[in-house]
Each structure stands twice: as C-alpha cells, then as structure tokens.
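Contents: one structure, followed by commentary.
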Amino acid sequence: MAKKNIGLIGLAVMGQNLALNIESKGYSLVVFNRTISKTQDFINSASKGKNIVAAYSLEEFVANLESPRIIILMVKAGSPVDGYIEKLTPLLSKGDLIIDGGNSYFKDTIRRNKELSEKNILFIGAGISGGEEGALKGPAIMPGGQIEAYNLVKDLFNNIAGKAEDGIPCVSYIGPNGAGHFVKMVHNGIEYGDMQLIGECVWTLKNALGLNAEEISDIMLSWNKPEDVLCSYLIEITGKAMREKDKESDRFLVDRTADITRMKGTGTWTVQSSLELLVPIPTITSAVFAREMSEDKDLRLAISEEFKFNKSKYKNGRDELINMAHDALYIAKISSYAQGFALLKASSKEYGFNLNLAEITKGWRAGCIIRAQFLNEIDKAYENNPNLSNLLVAPEFKNYINQNLDKLASFINIAHNTGVPVMAMDSAYDYIIQMASPIMISAQISAQQRDYFGAHGYFKLKKDSPEILKYDNGNYIEYHTEWMKEGHLEKLV
Numbered sequence: 027m028a029k030k031n032i033g034l035i036g037l038a039v040m041g042q043n044l045a046l047n048i049e050s051k052g053y054s055l056v057v058f059n060r061t062i063s064k065t066q067d068f069i070n071s072a073s074k075g076k077n078i079v080a081a082y083s084l085e086e087f088v089a090n091l092e093s094p095r096i097i098i099l100m101v102k103a104g105s106p107v108d109g110y111i112e113k114l115t116p117l118l119s120k121g122d123l124i125i126d127g128g129n130s131y132f133k134d135t136i137r138r139n140k141e142l143s144e145k146n147i148l149f150i151g152a153g154i155s156g157g158e159e160g161a162l163k164g165p166a167i168m169p170g171g172q173i174e175a176y177n178l179v180k181d182l183f184n185n186i187a188g189k190a191e192d193g194i195p196c197v198s199y200i201g202p203n204g205a206g207h208f209v210k211m212v213h214n215g216i217e218y219g220d221m222q223l224i225g226e227c228v229w230t231l232k233n234a235l236g237l238n239a240e241e242i243s244d245i246m247l248s249w250n251k252p253e254d255v256l257c258s259y260l261i262e263i264t265g266k267a268m269r270e271k272d273k274e275s276d277r278f279l280v281d282r283t284a285d286i287t288r289m290k291g292t293g294t295w296t297v298q299s300s301l302e303l304l305v306p307i308p309t310i311t312s313a314v315f316a317r318e319m320s321e322d323k324d325l326r327l328a329i330s331e332e333f334k335f336n337k338s339k340y341k342n343g344r345d346e347l348i349n350m351a352h353d354a355l356y357i358a359k360i361s362s363y364a365q366g367f368a369l370l371k372a373s374s375k376e377y378g379f380n381l382n383l384a385e386i387t388k389g390w391r392a393g394c395i396i397r398a399q400f401l402n403e404i405d406k407a408y409e410n411n412p413n414l415s416n417l418l419v420a421p422e423f424k425n426y427i428n429q430n431l432d433k434l435a436s437f438i439n440i441a442h443n444t445g446v447p448v449m450a451m452d453s454a455y456d457y458i459i460q461m462a463s464p465i466m467i468s469a470q471i472s473a474q475q476r477d478y479f480g481a482h483g484y485f486k487l488k489k490d491s492p493e494i495l496k497y498d499n500g501n502y503i504e505y506h507t508e509w510m511k512e513g514h515l516e517k518l519v
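Sequential numbering from 27 applies to the sequence shown in the working numbering.
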C-alpha cells in the first residue's frame, strides 16, 4: 500500500471534518483514534470511498506515512497532547513534523516546541477557527512554529483554509513557537466580547421595546447586509437562530434555552495574559465574568426574590432606539477589538512573536467565528500604519467615535433603566473614555492614598502640563510626602 501524505489523530467532529477537507484537496490520509470503534465508524461511513485509511496502533499509523512525516493532532488540549507527543517521538525521525491543531495554552506550545526542537522534530501550534463547518469547508488557520516547519505545510494550509472574498487564503505564518496559539487565544477572547455585546444589545431591545424573538431576528438580519458595518457571521447566526421554534411548544427556542453559557478556557487565558502583560481588556474580561455569573443559576434565582428593581419601557420611537443600538454596538465592537489588538501588540514585544497585525486581520476575514465586514477596515488601518498606537486612533474609527460616542452612553443608560445589565458595553465605553483622559483623577487619588498609608511614592505633573516630570535620562522623578511629620515634608525618593 502506498504511503499517505498526512496523518491525523483525533476523530471527534472537528478531526473528522478536517480530515475530509484535507482529502477533498487531493491529499491522502491515515487516521487514528484512541477509541477503535470511532475509527471504524468514520472509515465505514463519512470517509467511505475517500483516500483515507485507518491505523489501529501508533506504530502502524507512523509506518503508513511518507517522509517527512506530517502529523496533525486534533485532541483535547493539555495532557492528551503531551501524551501523544511522548508516544510519537520515539517513532519519528529528524525533520518530521507534529501539528497541534487544538486550543492549547500558548505557554505549553512554547515548551513543546523547545522540547521537540532538541530532538530535531519540527512542531507547529496551529490555532484553527471556524467550528465544525469551518473544519470541513475551510477554517481560518493560525500557525506558529519554526519557519521551516511552516514552509513544509504552507501549500497544505493554503489549500484547506477558508478563502476571503478576494480569494486570499485565511492563513499566514504567525510567528515562532507559541505565536499561533496566542493569536488564536486572543481571537477567542475577542469572540467572547462580540457574543456578549450582541447578547446585551438583544436583551435591551427585548426589555425596552417589548420585542419578540422574530422581531429582533428581523433587526439582526437587516444589519447583516454587505454594506453594513455590523455585517458578520455572529450577527447572521444570531438572526437566524432567533427564528427557530421550540419543537415541544409554540415558543421560540431562544426563550426556552437555559441562560447558562459554558466555556472551555481560552477566554480565561486571555484575561490571565492581559494581567501578566499589563494590558487592560475590560470588555473581554466582562464577557468572561458574564459567562461565569450565568453558571450560578440557582444563586441568581434565589437573589432575584430579594430585589425588585424599577424597570421602565422606552418611551420614544422604536426606530430611534434600533438605530441607536446599531451605532452603540459598532462603537462597543471597535473598543473591544482595540483591546484585543493591544494585547496582541504587547505579546509580540514580550515574547518575540513579531506579529504582523494586518496579516492576522486578513486571516480572520473568512472561515473563523469572528469573520466580519469590519475586519477589512482594521486591515486598512494597520496597512496604513503598522505602528498604530491603538486601534481607537485609526482615522476612520476615531472619527466615528467622536461623532457617535454619545449614542453608546445613551444606550447604556436606557439598558440600565429597563433593568438590563450591560457589563461589556459599560466597559467598552469606559475604556474609550479612560484611554482618552489626559488626567485620571481616580489614579491621582489612589497614588496619594498609597503614599499616605504605605510610603509607596508618587510622580508629579509639570506645573503647566498633564505630562509627568522626568529626569534627563527619561525616567520619572519619584516623590514621597512625609505625611506624619509636621508640615508634611516632600522629598525625592
């Protein structure tokens, strides 16, 4: 039997669909799954008649691959990945390549890359986005690892990736070791923010105007036109899903869906990374917290009996609020993406990823969950200025925010008046306001408090400017006030 081009381990739905995608582009595969029956079911059904064969041991699996061997792991992140790497390594040769296509933590990917490099085995951590449909029809792929490893599979990735409207494959070399999985992690964090912002918008329209699911569906679908700045996959599926009827009643399925949003970890990792890198991402963090709060269903039911808030319907025109919601959602989306891209920028410097933000944006235009018309504008912003300090100040976004920020503030106020918590929208608004504040009075107060109770020191502003006093070498001049002494003496630290 002729040896196969690609090996794939892990035949859950994502793995199966990716295997079928790869085979449909002219490649041959050998597949393996820990559960033999799952392998047999796949071979006898979905892959029947395809250029795919099964292996029932790792030795057989590796023996069926041409050299250099290319192996894709589509298994659960964490110990399963390490377990397969440990078992595969003795069977492989110099120059063979392992690709981790799961949602692995980027620091694990950095470690694995180093360990395998020492054994002359190539390794790629590839973020793959698009869900089951994307895996089958063309996902967005975010590969990080050695450049020689990427060159080995560049054609494969280009062939199986989703294609944007201009025909460009949604894949590019992200950077060394854990870069691909870091970018996929932030992609998922941005996805959390997008989903929460849309949910808050829907909840507000429902409470403020008394709209039913079908009416809100019509609004969402009207926003999903190619010329609309909100046109996106998430807006599209929100509109479509809200029309679905429950099979057991005459109600809409969304009204019978339990209000619990589970998560698998990438959002939490994004928040952890933001804390480590000192980059604020309050909207994404709010989305993670909202999911955590959703899981306390019994507690929420109990507490809801203890409080009765005044709620009011929106008194002005229906169309006015819908238009306000549209513009508010767009501004909040700009803010959320600005936070995510700020985190990418910081990681590029800290970890040496050397990220190309314009190329990353291009790679998200199709195949992935956050694909949207809006990404074309982000791409242009970074093409025009790769060193953009923050996405908020890109000319088109800056102008839109300056003209419409009051709509986000008004929408948040309406949401609160109608009893809707809008944690993500609140934080999106506050992020813009705080980033645009030349002086943060709250920080001045905190700095004095810290120096008063703990002698932690503080910096001083120039007499006639919000800028901070510096030494000639560029460092800030630090002061301490001796608060307990008469006259409160001030001295340099």
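Beta carbons: idealized from backbone N, C-alpha and C, even for Gly.
| request: Measure the Cβ-Cβ separation of residue 368 and residue 419 and say whether it is below 8 angstroms. | output: Here the question's residue 368 lines up with position 342 in the sequence shown. Here the question's residue 419 lines up with position 393 in the sequence shown. The answer is no: Cβ separation not under 8 angstroms.
| request: Find out if the Cβ-Cβ distance for the pair residue 399, residue 307 is shorter than 8 angstroms. | output: Residue mapping note: residue 399 aligns to position 373 of the sequence shown, counting from 1. Residue mapping note: residue 307 aligns to position 281 of the sequence shown, counting from 1. No, the pair does not count as a contact, with Cβ atoms beyond the cut-off.
| query | Over what stretch of residues does the alpha helix (DSSP H) that includes residue 109 continue unbroken? | reply | The residue given as residue 109 occupies position 83 in the sequence shown. Where residue 109 is concerned, the enclosing alpha helix (DSSP H) stretches over 105–114.
| Exposed or buried, which one is residue 116 when buried takes at least 16 other CB atoms within 10 Å? | Position 90 of the sequence shown, counted from the first residue, corresponds to residue 116. Answer is exposed; the Cβ neighbour count stays below 16.
| For residue 166, which of helix, strand or coil comes out of DSSP? | Your numbering for residue 166 matches position 140 in the sequence shown. Strand.
| alpha helix (DSSP H) runs wholly inside the region 322–346, at least 4 long, in chain order | 323–330
| message | Between the region 183–195 and the region 155–174, can you find at least three pairs of beta-carbon atoms closer than 8 angstroms? | response | yes
| query | Less than 8 angstroms separating the beta-carbons of residue 32 and residue 111? | reply | Your numbering for residue 32 matches position 6 in the sequence shown. Your numbering for residue 111 matches position 85 in the sequence shown. Contact: no.
| message | Suppose the cutoff is 7 angstroms on Cβ atoms and the five residues either side in sequence are ignored; what does the same chain contact list for residue 286 look like? | response | Position 260 of the sequence shown, counting from 1, holds the residue named residue 286. Correct list, in chain order: 320, 321, 323.
| Which of helix, strand or coil does DSSP assign to residue 264? | If you number the sequence shown from 1, residue 264 lands on position 238. DSSP places residue 264 in helix when its eight states are reduced to three.
| field | Every unbroken alpha helix (DSSP H) within the region 398–474, with a cutoff of 4 residues, ordered by chain | value | 400–410, 421–443, 449–461
| message | Out of 173, 36, 291, which one is the CA nearest neighbour of residue 106? | response | Translated into the one-based positions of the sequence shown, residue 106 becomes position 80. It is 36.
| said: Is it the case that the region 503–513 contacts the region 472–486, given that we only count it when at least three CB pairs across the two stretches are under 8 angstroms? | reply: yes
| Where the beta strand (DSSP E) containing residue 258 begins and where it ends | In the sequence shown, counting from the first residue as 1, residue 258 sits at position 232. First-last for residue 258: undefined, no H or E at that position.
| For the beta strand (DSSP E) that residue 33 lies in, which residues bound it at each end? | Position 7 of the sequence shown, counted from the start, is the residue given in the question as residue 33. Residues 32–35.
| query | Among the residues of its own chain, which have a CB less than 8 angstroms from the CB of residue 142, if the five just before and after it don't count? | reply | As a working mapping, residue 142 is identified with position 116 in the sequence shown. Result list for residue 142: 111, 115, 124, 148, 149, in chain order.
| field | Alpha carbon of residue 12 to alpha carbon of residue 265, nearest angstrom | value | One cannot answer for residue 12 here, as it falls past the ends of the chain, which runs 27 to 519.
| message | Between residue 201 and residue 170, how many whole angstroms is the CB-CB distance? I'm expecting something under 8 angstroms. | response | As a position in the sequence shown, residue 201 is number 175, starting the count at 1. As a position in the sequence shown, residue 170 is number 144, starting the count at 1. That belief holds up - the Cβ atoms of residue 201 and residue 170 are roughly 5 angstroms apart, short of 8 angstroms.
| Nearest to residue 340 by alpha carbon, out of 440, 138, 514? | Locating residue 340 in the sequence shown gives position 314, where the first residue counts as 1. Cα-wise, what sits closest to residue 340 is 440.
| Can you tell me the Cα-Cα spacing of residue 514 and residue 256, whole angstroms? | Along the sequence shown, one-based indexing puts residue 514 at 488. Along the sequence shown, one-based indexing puts residue 256 at 230. Rounded to whole angstroms, residue 514 to residue 256 spans 56 angstroms at the Cα level.
| query | So does the region 377–385 actually touch the region 403–418, counting three or more Cβ pairs closer than 8 angstroms? | reply | yes
| So, using beta-carbon positions, are residue 271 and residue 279 closer together than 8 angstroms? | What you label residue 271 is simply residue 245 of the sequence shown in a count that begins at 1. What you label residue 279 is simply residue 253 of the sequence shown in a count that begins at 1. The answer is yes: Cβ separation under 8 angstroms.
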